[in-house]
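Each remark here refers to the structure printed beneath this line.
2 protein chains.
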Amino acid sequence: MDNEVRVIEIKKSVFAANEKEADELRDANKKKGTFLLNLMASPGAGKTTTLTQVINKLKNELKIAVMEADIDSDVDAIKIKEKTGVESIQLHTGGMCHLDAEMTKQGLAGLEGKDIDLVILENVGNLVCPAEFDTGASKNIMILSVPEGHDKPLKYPLMFSICDLVIINKIDVLPYFDFDLKLCEEYVKMRNPNATIIPISAKTGEGVDKVCEWLRNQVKLWKGSK
Amino acid sequence: MDNEVRVIEIKKSVFAANEKEADELRDANKKKGTFLLNLMASPGAGKTTTLTQVINKLKNELKIAVMEADIDSDVDAIKIKEKTGVESIQLHTGGMCHLDAEMTKQGLAGLEGKDIDLVILENVGNLVCPAEFDTGASKNIMILSVPEGHDKPLKYPLMFSICDLVIINKIDVLPYFDFDLKLCEEYVKMRNPNATIIPISAKTGEGVDKVCEWLRNQVKLWKGSK
């Protein structure tokens, strides 16, 4: 398999009106029938491993592509391409700590004409800045991992309040950490009563089917409402 | 014990010349004999737990204070005060993803006249933005935790290149994660050949004495070169 991945050097948006840009991008994607998923998390929460699992379960029913945002390296895009075989683009943010709608649009231009059902944007590993910029995604999701602690919704309120789905990853190591799953779910609901919460282990595969089911439904709804 | 902590609402710096501001703050701290340590890490890497351990081992020989930067909550400042008894100030960044020198100075003003030997600034949990702004600290350190993965120096180059000490925390859970300690150390050295690397478990206490020794020496050097 050819493991070379394309790298797109992203330039900082010159549009002050990010929200307008984001809405336009959403509209354009809806017309094309492309669902754009914005995936956020801390460094090391398991974004790439979770994506690999989810993509391998969904790739026969949906045409999927991945955009990996990273400050500098290409390790994630290469990993996704190696482990799933789907189209994978690396977006270099040039030191930027987040993506905005214009930067996302630059990335999507690299997938033009490919008729993708589901584009997954793996945002920069950061619980602060990515939450502040609408990327134009159809839905926002985030992964909180058990080793990070159950208090994170208290400390990063905006991130939890804007996510439609909160995945709690690495539940296979629950016995080794002081992580209160029930309390964490309460904190998430405090920030966002409508959030769906799915505990998983991307390592063992536990719970991944539920994430796939959620995503499958979201893509169906999005395409249906075209 | 009184567990109320002071909260200072930090305003965004109006100084464009952050570097100049940072140098001035360092000079002022040197004159006062105050060592300012800037501690950075991802959310959940164990900053507060590590601090608690280190402070309890050093508080009889050094007068210590802590400034906890957080977007919104007070949980860390309260935890530090409860578990160590040292002066602990909460800095609210108002959504900002990092601290700069002016913001740090606003925090230090809350400790004026207290003759502190060592002020520890726990920066916002974020591997990107805090690395870009000189806080005026005497030294920068960061904590990478085992569950985050050994590839992080590849993905967050600036953070690793500006830190004098890299603590690798949560080594008690090494058996449950695919974390290559030797490879991680190589990656850190690639970013910063002069970095000191100390593996610890803030939970069991393993390695914490080495961090204390490093810190004790740094404070001594700083005060000696006044």
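Protein chains in written order, with my numbering: chain A, 1 to 226; chain B, 227 to 452. Yeah, the Cβ is synthetic: ideal placement off N, Cα and C, and Gly gets one too.
Residues D390 of the same chain have their beta carbon placed closer than 8 Å to that of N420/B, with the five preceding and five following residues left out of the count. Excluding its 5 nearest sequence neighbours in each direction, K305/B has C-beta neighbours in its own chain below 8 Å: T274 and T278, listed in chain order. For the pair E432/B and A327/B, the CB atoms are not nearer than the 8 Å cut-off. Spatial neighbours of L337/B in its own chain (CB-CB distance under 6 Å, excluding positions within 5 residues in sequence) are listed in chain order as A291. Residues of the same chain with a CB within less than 7 Å of the CB of K285/B, apart from the 5 flanking positions on each side, are T310 and V312 in chain order. In the DSSP assignment, M142/A falls within the unbroken beta strand (DSSP E) covering K139 to S145. In the DSSP assignment, the residues bridged to E348/B are L265/B and E294/B.
A Cβ of chain A is located within less than 8 Å of the beta carbon of Y382/B. Judged by beta-carbon spacing, A271/B lies beyond the 8 Å limit of V350/B, meaning their Cβ atoms are not closer than that value. Put simply, the CB of K396/B is near chain A, with a gap under 8 Å to one of its CB atoms.
Secondary structure remark: continuous alpha helix (DSSP H) runs of at least 4 residues inside the stretch 381 to 438 of chain B, in chain order: 383 to 388 and 407 to 417. Contact of K378/B with chain A is assigned, a C-beta pair being separated by under 8 Å.
Against chain B, the CB of S138/A has no partner CB under 8 Å away; the residue lies outside that interface.
DSSP links I281/B through a beta bridge to no other residue. Counting C-beta pairs closer than 8 Å gives fewer than three between the stretch 358 to 366 of chain B and the stretch 133 to 151 of chain A, which falls short of the contact rule. With respect to chain A, the C-beta atom of P425/B has no partner C-beta closer than 8 Å. The alpha carbon of N366/B has as its nearest neighbour, out of N418/B, K381/B and P401/B, the alpha carbon of N418/B. Contacts with chain B (Cβ-Cβ distance below 7 Å) from the stretch 37 to 55 of chain A involve S42, P43 and G44, listed in chain order. Going by beta carbons, F177/A and P199/A fall outside the 8 Å limit. Not a single C-beta of chain B is nearer than 8 Å to the C-beta of D100/A. Using a CB distance below 9 Å, the part of the stretch 280 to 297 of chain B facing chain A consists of D296 and I297, ordered along the chain. Apart from the 5 residues on each side of it in sequence, L25/A sits with its Cβ closer than 6 Å to the Cβ of A101, K105 and G136 in its chain, given in chain order.
A check of alpha carbon separations from E411/B across C323/B, I369/B, K283/B and Q316/B identifies I369/B as the nearest.
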